[in-house]
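With numbering that gives the first Met the number 0, the residue at position 148 of the sequence shown is 147, and numbering never jumps.
Just so you know, even glycine gets a beta-carbon here, dropped at the ideal spot from N, CA and C.
Quick notes on the structure that follows.
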Amino acid sequence: MKSRNSDFIKPQNGPVTFILVAINIIVFIVLELMGNTNDGEFMLLNGAMNPSFVLYRHEWYRLFTCMFMHFGINHLANNMLLLFLLGQIFERAVGATRYLGIYLGSGLAGSFLSFFYMCLMGKNDIVAGASGAIFGIIGGMIIVVIFNKGKYSGISTKRMIFMALLTLYFGFTTAGTDNVGHLGGLVAGIIFTIITYGIPTALKHVIEKGKTNSSVDFE
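Below you can see the structure in the form of structure tokens.
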């Protein structure tokens with residue numbers, strides 16, 4: 000009998016996830032070869048998000064490029080482990096195209112909300128990381144589980160909500176964490192998944208149920 004764990008090492012079972020993980024790792028290696036990813040100034044010069052650079056220099060691309068940059072190996076490893084494990088399940092659930100859209104959309108939403116909050120509060124932090132996009136996947140998985148009668152691929156609604164709350168808790172109790180970006184990504188992931196997956200899935204179930212109820216048996 001083949002172990003289900005082997006599914007996580009097959010690129011064909013989550014091609015977009017493998018590509019995203021590879022891009023993040025390659026970007027990290029390139030940046031490390033160029034300088035020090037733990038150096039905020041170095042990261043800023045190479046695409047990290049900063050409200051002053053976005054607002055006054057109009058470098059809006061930073062809202063996107065910061066999603067593929069990480070401060071040090073631990074930051075990268077923690078994010079990529081979660082993306083690698085949860086991303087493949089979510090990708091198989093919603094499909095590659097929806098998955099990529101939700102991932103990028105959640106990441107951008109997290110970056111923008113973080114930017115807006117820092118402008119509002121007068122902060123000028125340097126932000127980088129895939130956390131907003133990954134929180135979008137967490138939020139999306141909550142919706143997938145809910146629309147599949149409370150369980151999907153061995154994951155329950157309670158487990159997903161607990162994971163989301165626990166991850167947010169660690170963020171709020173750890174210094175230097177962009178919690179606003181996390182929340183933005185989570186909420187965006189929930190909204191995008193409801194629109195692109197939840198509503199179509201619900202309509203499909205209604206139509207299938209209607210067909211079943213309208214069928215007539217003849218003797």
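(request) Would you list the residues sitting across from S155 in a DSSP beta bridge? (result) Stepping through the sequence shown from its first residue, residue 155 is reached at position 156. BP columns for S155 point to K150.
(request) Work out the CA separation of E58 and L119 for me, nearest whole Å. (result) What you label residue 119 is simply residue 120 of the sequence shown in a count that begins at 1. What you label residue 58 is simply residue 59 of the sequence shown in a count that begins at 1. Each residue's alpha carbon lies about 18 Å from the other.
(message) My output table needs one value for M48: the three-state DSSP class, helix, strand or coil.
(response) Along the sequence shown, one-based indexing puts residue 48 at 49. Strand, per DSSP.
(message) If the criterion is Cβ atoms closer than 9 Å, does the pair G109 and F191 meet it?
(response) Within the sequence shown, residue 109 is the residue found at index 110, counting from 1. Within the sequence shown, residue 191 is the residue found at index 192, counting from 1. No; because the gap between Cβ atoms is not below 9 Å, this pair is not in contact.
(message) Could you tell me the alpha carbon to alpha carbon distance between G13 and I88, rounded to whole angstroms?
(response) For the purposes of this step, residue 13 is taken as the residue at position 14 of the sequence shown. For the purposes of this step, residue 88 is taken as the residue at position 89 of the sequence shown. Their Cα atoms are separated by approximately 8 Å.
(message) In the DSSP output, what is V126 paired with across the bridge?
(response) Taking the first residue of the sequence shown as 1, we reach residue 126 at position 127. DSSP lists M48 as partners of V126.
(message) Taking a contact to mean a Cβ-Cβ separation below 9 Å, would you say D177 touches S113 in this structure?
(response) Taking the sequence shown and counting its residues from 1, one reaches residue 177 at position 178. Taking the sequence shown and counting its residues from 1, one reaches residue 113 at position 114. Going by C-beta atoms, D177 is nearer than 9 Å to S113.
(request) Only counting runs of 4 or more residues, tell me where the alpha helix (DSSP H) segments fall wholly within the stretch 10-80, in order along the chain. (result) 14-33, 39-44, 50-55, 61-64
(message) Rounding to the nearest angstrom, what Cα-Cα distance links G153 and N147 in this structure?
(response) By one-based count along the sequence shown, residue 153 stands at place 154. By one-based count along the sequence shown, residue 147 stands at place 148. Approximately 11 Å, taken between the alpha carbons.
(request) Spatial neighbours of T16 within its chain, please: CB distance less than 6 Å, with the 5 preceding and 5 following residues excluded, ordered by chain position. (result) As a working note, residue 16 is residue 17 in the sequence shown. Around T16: G86, Q87, E90.
(request) Please report the Cβ distance between M68 and G39, rounded to the nearest whole angstrom; I am assuming they are in contact, meaning their Cβ atoms lie under 8 Å. (result) Here the question's residue 68 lines up with position 69 in the sequence shown. Here the question's residue 39 lines up with position 40 in the sequence shown. The Cβ separation is near 11 Å, so there is no contact.
(request) With distances taken Cα to Cα, identify the nearest neighbour of G131 among I24, L185, K122. (result) By 1-based counting over the sequence shown, the position of residue 131 is 132. The shortest C-alpha separation from G131 is found at L185.
(message) What would DSSP say about G139, mapped onto helix, strand or coil?
(response) Numbered from its first residue, the sequence shown carries residue 139 at position 140. DSSP places G139 in helix when its eight states are reduced to three.
(message) Taking the alpha-carbon of M66 as reference, which of G180, N123, I189 has the nearest alpha-carbon?
(response) Here residue 66 refers to the residue found at position 67 when the sequence shown is read from its first residue. Among G180, N123, I189, the Cα nearest to that of M66 belongs to G180.
(message) So, at 7 Å on beta carbons, what are the nonlocal neighbours of H74 in its own chain, with the 5 sequence-adjacent residues on each side left out?
(response) Counting from one through the sequence shown, the residue named residue 74 turns up at place 75. Answer for H74: G128, listed in chain order.
(message) Quick check: the Cα distance between L203 and G100, rounded to an integer number of angstroms?
(response) Here residue 203 is taken as the residue at index 204 of the sequence shown, counted from 1. Here residue 100 is taken as the residue at index 101 of the sequence shown, counted from 1. The sequence shown places Lys at residue 203, not Leu. Approximately 21 Å, taken between the alpha carbons.
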